[in-house]
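There are 2 protein chains.
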Amino acid sequence: MSLSESLNMHRLALCQALDEEDGERLDALLPELRSADIAEILEAILEEQADPPRALALLGRLPLERRASVLGHLPGDAQLVLAEALSDERLLTILEEMGSDERADLFNLLDEGRRQRLLRRMARREREELKRLASYEEGTAGAIMTADYVAIPSGMTVSQAMMRVRQTAPDAETVYQLYIVDDQGRLAGTLSLRQLMVAPPGEPIDALMIRDVIHVPVDEAQEAVARIVARYDLLALPVVDADRRLVGIVTHDDAMDVVESEATEDIHKGMSIGSLEDGVSRVPLWSLYRKRVIWLVLLVFANLFSGAGIAYFEETIAAQVALVFFLPLLIGSGGNAGAQAATLMVRGMATGDVGIKDWGKLLGRELLVAGSLGLTMALAVAPIGIMRGGEALALVVAMSMVTIVLFGSLLGMCLPFLLDRLGWDPATASAPLVTTLIDASGVLIYFGIATAVLSAA
Amino acid sequence: MSLSESLNMHRLALCQALDEEDGERLDALLPELRSADIAEILEAILEEQADPPRALALLGRLPLERRASVLGHLPGDAQLVLAEALSDERLLTILEEMGSDERADLFNLLDEGRRQRLLRRMARREREELKRLASYEEGTAGAIMTADYVAIPSGMTVSQAMMRVRQTAPDAETVYQLYIVDDQGRLAGTLSLRQLMVAPPGEPIDALMIRDVIHVPVDEAQEAVARIVARYDLLALPVVDADRRLVGIVTHDDAMDVVESEATEDIHKGMSIGSLEDGVSRVPLWSLYRKRVIWLVLLVFANLFSGAGIAYFEETIAAQVALVFFLPLLIGSGGNAGAQAATLMVRGMATGDVGIKDWGKLLGRELLVAGSLGLTMALAVAPIGIMRGGEALALVVAMSMVTIVLFGSLLGMCLPFLLDRLGWDPATASAPLVTTLIDASGVLIYFGIATAVLSAA
Chain B
1 MSLSESLNMH RLALCQALDE EDGERLDALL PELRSADIAE ILEAILEEQA
51 DPPRALALLG RLPLERRASV LGHLPGDAQL VLAEALSDER LLTILEEMGS
101 DERADLFNLL DEGRRQRLLR RMARREREEL KRLASYEEGT AGAIMTADYV
151 AIPSGMTVSQ AMMRVRQTAP DAETVYQLYI VDDQGRLAGT LSLRQLMVAP
201 PGEPIDALMI RDVIHVPVDE AQEAVARIVA RYDLLALPVV DADRRLVGIV
251 THDDAMDVVE SEATEDIHKG MSIGSLEDGV SRVPLWSLYR KRVIWLVLLV
301 FANLFSGAGI AYFEETIAAQ VALVFFLPLL IGSGGNAGAQ AATLMVRGMA
351 TGDVGIKDWG KLLGRELLVA GSLGLTMALA VAPIGIMRGG EALALVVAMS
401 MVTIVLFGSL LGMCLPFLLD RLGWDPATAS APLVTTLIDA SGVLIYFGIA
451 TAVLSAA
Chain H
1001 MSLSESLNMH RLALCQALDE EDGERLDALL PELRSADIAE ILEAILEEQA
1051 DPPRALALLG RLPLERRASV LGHLPGDAQL VLAEALSDER LLTILEEMGS
1101 DERADLFNLL DEGRRQRLLR RMARREREEL KRLASYEEGT AGAIMTADYV
1151 AIPSGMTVSQ AMMRVRQTAP DAETVYQLYI VDDQGRLAGT LSLRQLMVAP
1201 PGEPIDALMI RDVIHVPVDE AQEAVARIVA RYDLLALPVV DADRRLVGIV
1251 THDDAMDVVE SEATEDIHKG MSIGSLEDGV SRVPLWSLYR KRVIWLVLLV
1301 FANLFSGAGI AYFEETIAAQ VALVFFLPLL IGSGGNAGAQ AATLMVRGMA
1351 TGDVGIKDWG KLLGRELLVA GSLGLTMALA VAPIGIMRGG EALALVVAMS
1401 MVTIVLFGSL LGMCLPFLLD RLGWDPATAS APLVTTLIDA SGVLIYFGIA
1451 TAVLSAA
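Those protein sequences? They're chains B and H, same order as listed.
Heads up: the first sequence begins at 1 in this note's numbering, then just goes up one per residue.
Heads up: the second sequence begins at 1001 in this note's numbering, then just goes up one per residue.
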């Protein structure tokens, strides 16, 4: 039985036991399900059945530790619904069991009054840590890091460090990469548990540790953090403050989540869709409408430039209506080629493959490639021009094709760089924007060439 | 100094030392650079300067272990260039130092004769393992897994297992997740090193281990593998054969690489660009041209349907040339809305958020959202219709807008599901394809409505 089959079977059995309020069966089934899977079922209960009491009852059947882990797997809106249905006391016990990064994320969702009430009931140390982690700006290393790492004071021996690892093991997010800090809390070095395990027990860790530790400042962008974790195959990446004091670590699984969600965001931006908080099947209809309508209406007005171009050339068109035959084809081709060029650049910039310093070199390459593409497409379309309206029309269409594809590709390539220079996200240079700009230019180029050639003929 | 600044500084110094053939300085600089960074410099030497001997000289200055690790970080084409310049003997020593997954990848790039020569010089056990790993189909769990995992025979005690971990540590890809196998080599359970460390030394591991291990078959698609690693926050995912025998593990860093490259591939497909072997700034011009031209030319011919539609309605157009004014606007808007819908579905399907079972529910949602979008855009464009040609034209344009946006969105939503049903990759339902199909339908809808309304008026 495959993983997803067994998951579906378990899910069905659980839903049935829930419907029948069969407590015994629930208690038998729940230990067989993983937190991520229970979270998915809870989410479905909350969204399809809009039944928070039922979700709470299911959550309440789990041991405390799993309650925290399941809650951590839920998207923000579902967490908030459940948190609002829980008493301060019950929420507090769950918060205490959560990882420090997930705790801070949930805390940030609550309203100000509740946050103050919860903070007052926490121990001082816990309170300070939570306030600190909750204060980092979203999208930075600080917002995705955890404070549950293993820090070893400089000067310990291997066996002392090993003892420290054993003590910290239950609470730490990872015990496999250790960070050595000096008496000021500054990051002095790192050591993997693997290295520690094979080292002589009496050896000072300062002699073993790697001093040149890859690390990031707390305000580093999360995309950059994820890229560093991926590039150097790290288990965790230490995060330091302005004084190089160690304040947290970003673990590989959180970095992977960033890579996934950044890719989704870039893909949506590439189609002029604002970023969605949740999957497309679950996000509210109103927000789906809102995320899509803004750009669509803006593009309607941008498209009016094409209309204006057409109005300007109305005489040429009236004189030879066959010109209209090629209009969608020509502006469509320019738009497609331009969207391709923009997509290649935007993704290259997002993965760090392309930088602004490569601009000159890439411009030369794009000129060559787009020129060849334009010529190929002109050759493909010229015979149809002859068939529809003779050689003069074929010439106009072929010339327009090369010019429009070349212009469209260069525009598509330059726009992401230009936006980046202006301090905007290059992913905003989306296919619809590029296409609309090229549509308008394409109209002018096509009818401009047509007017020149046909009036000369 | 930030990570990328220090990296750039080191890179510059290294390139200078290379130019001046300053061996002493090179030997001082190389230990300060990480394998991923040296690989990037080697790649630049190979591609910008096309100078394999120089790259080989740099590689030769590294200790053997790093040579293997740097080679593993290079893209396939660069690995092949270097491998072809190395003698069998030197290549063999490097291959022996590489991780088993990277070794198999490089091996698969070599020509048949060389593979046979190399295999003959290997020890029997090594040879069998390499042949096995190299035989798995690309894009499956087998192709990205490593055979360097820690397997603990069932029946050992905690202290025996610990001893085994210490022995295996130098060669294993990760020692932090251990896999317990029975005497047939079948996967019986798993245990993290963390759990092992805090357990009593005399305890049998069979009493401690988790028996319900998440695992995948060796022919599982790599996207599914990566999704499971991400979903359950795994350090590594065990891979089993048809008899449930453990044959390898996929580690978190390899899963992350899959997530990144799959996202890039989907983004490129979304713009009708074939998958590129390498970053856009480095891929050869000819292959960039080829990956883009096929779809562009196909779309040229698809666009001819729009032209045919226009030819059919030529009389209507000749009677009211003002209709052409709104043509790019209407078909552009339909294309944009359709591309948005297609993008949302394709990405939702890729991340596992949307399945074919959600189709009915999503269709209803899309009808509502697209209907609202169409109405909004019709309201935005109607006043311009009145300005340009009176109320009849405004009515035609508004009705066409609603119909085209609704039709385009539904087409964009259904196409990915349809392709999936046909066994194709839904990402092929790219924006240019959706746009082109909607262009043609838009022409028919617009001029059809125009002919009906204007001839009635």
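In this text, a Cβ means the ideal position worked out from N, Cα and C, and glycines have one as well.
Give me the DSSP bridge partner(s) of residue i.
i, result
"Ser192(B)", "Gln177(B)"
"Leu1237(H)", "Val1250(H)"
"Ala1151(H)", "Tyr1179(H)"
"Ala1134(H)", "Answer by DSSP bridge pairing: none, since Ala1134(H) is not bridged."
"Leu187(B)", "Val181(B)"
"Arg245(B)", "Arg186(B)"
"Val1216(H)", "Val1239(H)"
"Ile1210(H)", "Thr1190(H)"
"Ala1221(H)", "Thr1140(H)"
Is the distance from the Cβ of residue i to the Cβ of residue j below 7 Å?
i, j, result
"Leu118(B)", "Gly76(B)", "no"
"Val1175(H)", "Arg194(B)", "yes"
"Leu1092(H)", "Arg1124(H)", "no"
"Val1158(H)", "Ala1199(H)", "yes"
"Leu1046(H)", "Ala1085(H)", "no"
"Leu330(B)", "Gly442(B)", "yes"
"Val396(B)", "Ala311(B)", "no"
"Leu1059(H)", "Arg1067(H)", "yes"
"Ile1041(H)", "Val1070(H)", "no"
"Met1349(H)", "Pro1238(H)", "no"
"Val405(B)", "Gly385(B)", "no"
"Ala1431(H)", "Ala1339(H)", "yes"
"Tyr179(B)", "Ala134(B)", "no"
"His1252(H)", "Leu1235(H)", "yes"
Tell me whether residue i counts as near the ligand ADP, meaning its Cβ is closer than 6 Å to at least one heavy atom of that ligand.
i, result
"Arg1066(H)", "The ligand ADP is not part of the structure shown, which contains no ligands of any sort."
Tell me whether residue i is buried or exposed, calling it buried when 16 or more other Cβ atoms sit within 10 Å of its Cβ.
i, result
"Gly307(B)", "buried"
"Asn1336(H)", "buried"
"Gly189(B)", "buried"
"Ala1455(H)", "The sequence given here has Ser at residue 1455(H), not Ala. Exposed: under 16 other Cβ atoms inside 10 Å."
"Gln1177(H)", "buried"
"Arg1347(H)", "buried"
"Glu48(B)", "exposed"
"Lys1357(H)", "exposed"
"Ser35(B)", "buried"
"Phe301(B)", "exposed"
"Arg1103(H)", "buried"
"Ala1394(H)", "buried"
Looking at C-alpha atoms only, which residue of the options is the closest neighbour of residue i?
i, options, result
"Ile205(B)", "Ala143(B), Ala104(B), Val181(B), Leu373(B)", "Val181(B)"
"Thr146(B)", "Ala382(B), Arg365(B), Asp105(B)", "Asp105(B)"
"Gly371(B)", "Ile1449(H), Trp1286(H), Glu1089(H)", "Trp1286(H)"
"Met163(B)", "Lys131(B), Met197(B), Gly142(B)", "Met197(B)"
"Gly142(B)", "Ile152(B), Glu43(B), Glu129(B)", "Glu129(B)"
"Asp254(B)", "Pro63(B), Val225(B), Gly270(B)", "Val225(B)"
"Leu95(B)", "Leu64(B), Ala78(B), His215(B), Val81(B)", "Leu64(B)"
"Met9(B)", "Thr403(B), Leu29(B), Ala151(B)", "Leu29(B)"
"Ser409(B)", "Val240(B), Ile210(B), Asp101(B), Leu344(B)", "Leu344(B)"
"Glu314(B)", "Gly1309(H), Leu1323(H), Phe1313(H)", "Leu1323(H)"
"Ala1044(H)", "Leu14(B), Ser4(B), Asp353(B), Gly332(B)", "Asp353(B)"
"Val1218(H)", "Ser1004(H), Ala1151(H), Ala1207(H), Val1250(H)", "Val1250(H)"
"Phe1407(H)", "Ala1134(H), Ala1440(H), Glu1138(H)", "Ala1440(H)"
"Ala1378(H)", "Asp420(B), Val293(B), Leu419(B)", "Val293(B)"
Checklist line | Near-chain B residues of the segment 1101-1119 of chain H (beta-carbon distance less than 9 Å), N- to C-terminal order | finding: none
Checklist line | Cβ-based contacts, 9 Å cut-off: residues of the segment 1134-1153 of chain H near chain B | finding: none
Check: Taking Cβ-Cβ distances below 9 Å as the criterion, which residues of the segment 8-25 of chain B are in contact with chain H?
Finding: none
Margin query: Taking beta-carbon pairs under 8 Å, can you tell me which members of the segment 248-270 of chain B lie near chain H?
Written below: His252, Asp253, Ala255, Met256, Asp257, Val259, Glu260, Ala263, Thr264, Asp266, Ile267, His268, Gly270
Margin query: Against chain H, which members of the segment 228-246 of chain B pass a CB distance test of less than 7 Å?
Written below: Ile228, Ala230, Arg231, Tyr232, Asp233
Notebook entry, point to check: If contact means a Cβ-Cβ distance below 8 Å, which residues of the segment 348-362 of chain B contact chain H?
Noted result: Gly348, Thr351, Asp353, Val354, Asp358, Lys361, Leu362
Item checked: Interface residues of the segment 1421-1450 of chain H facing chain B [CB-CB below 9 Å] -> Ala1431, Pro1432, Thr1435, Thr1436, Asp1439, Ala1440, Gly1442, Val1443
Next item on the list: For the segment 182-196 of chain B, enumerate the residues whose C-beta is nearer than 8 Å to any C-beta of chain H, in chain order.
Entry: Leu193, Arg194
Item checked: Proximal residues, the segment 1328-1346 of chain H versus chain B, C-beta separation under 9 Å -> Pro1328, Leu1329, Leu1330, Ile1331, Gly1332, Ser1333, Gly1335, Asn1336, Ala1337, Ala1339, Gln1340, Ala1341, Ala1342, Thr1343, Leu1344, Met1345, Val1346
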